[in-house]
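Start counting the sequence shown at 12; every next residue gets the next number (the numbering used here). Ideal placement from N, C-alpha and C gives every residue a C-beta, glycine not left out. First up is the structure itself, then whatever we jot down about it.
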Amino acid sequence: MARIPYPDPAKLPAEARDLLESLPQLNIFRMIAGSGASFLPFMAFINSYLNAGVLEPELRELVILRVGHLCKSNYELHQHRRVSRMIGMSEERIAASAGALPSPLFSEAENAALLFTDDQVAHVKADGKLFADAHEYLGDTGMQELVIVIGTYLLVCRYLETFEIDLEERDIETSGLDEIRRGLDRHG
Numbered sequence: 012m013a014r015i016p017y018p019d020p021a022k023l024p025a026e027a028r029d030l031l032e033s034l035p036q037l038n039i040f041r042m043i044a045g046s047g048a049s050f051l052p053f054m055a056f057i058n059s060y061l062n063a064g065v066l067e068p069e070l071r072e073l074v075i076l077r078v079g080h081l082c083k084s085n086y087e088l089h090q091h092r093r094v095s096r097m098i099g100m101s102e103e104r105i106a107a108s109a110g111a112l113p114s115p116l117f118s119e120a121e122n123a124a125l126l127f128t129d130d131q132v133a134h135v136k137a138d139g140k141l142f143a144d145a146h147e148y149l150g151d152t153g154m155q156e157l158v159i160v161i162g163t164y165l166l167v168c169r170y171l172e173t174f175e176i177d178l179e180e181r182d183i184e185t186s187g188l189d190e191i192r193r194g195l196d197r198h199g
């Protein structure tokens, strides 16, 4: 059970309530809807890289899974394993996201990005060689987005674990990405 109650949608400001109603019915969204002025900008922020980012979707999900694994966040892992399957990632690659690197199941670019992810999570400022290796494949914009995704999911995992967000009793039937985009398009 979550450490604090999930907010009552009827008591949320109208804009937050409307956005929450348009989003996938996930407990993280239910809880964060009660965060006040942060809710709408946070959702717009995550939508930017989930639906309009420069990283390939499988690479983005591998990085999110890796951060979830390193943070031991079961909720994050559960949700993004589900998203990974829905975008077509194989079970072997999903499982390998928690394994030793480099992995033969990943491209050179993916291995470079994941090695960078490990180092950045562990040391904040990643090693120069690991940065250069990932940068070679991702370029300037891709590296910026990679660091944003890593940092965002460090925050998300801490939020999930601190508030002990409950897993839903049933998984949603979609990835949730389109619903996030559409919900924010209505509020944009």
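Residues near residue i by beta carbon distance below 8 Å, same chain, minus five either side
{"i": "residue 36", "result": "179, 183"}
{"i": "residue 191", "result": "34, 35, 54, 57, 58, 61, 62"}
{"i": "residue 103", "result": "116"}
{"i": "residue 21", "result": "28"}
{"i": "residue 46", "result": "53"}
Beta-carbon proximity list for residue i, same chain, < 6 Å, skipping 5 on both sides
{"i": "residue 164", "result": "75, 78"}
{"i": "residue 131", "result": "137, 161"}
{"i": "residue 169", "result": "none"}
{"i": "residue 154", "result": "146"}
{"i": "residue 123", "result": "144, 145, 148"}
Integer-rounded CB distance, given that residue j should sit under 8 Å from residue i
{"i": "residue 176", "j": "residue 13", "result": "6 Å"}
Other residues of its chain near residue i: CB distance less than 7 Å, five sequence neighbours each side excluded
{"i": "residue 156", "result": "60, 64, 65, 66"}
{"i": "residue 80", "result": "88, 108, 109"}
Range of the contiguous alpha helix (DSSP H) that encloses residue i
{"i": "residue 99", "result": "First-last for residue 99: undefined, no H or E at that position."}
{"i": "residue 160", "result": "139–174"}
{"i": "residue 131", "result": "119–134"}
{"i": "residue 72", "result": "68–81"}
{"i": "residue 31", "result": "25–33"}
Between the region 106–115 and the region 139–146, do at least 3 Cβ pairs fall closer than 8 Å? Between the region 106–115 and the region 139–146, the count of Cβ pairs shorter than 8 Å is below three; the stretches do not touch.
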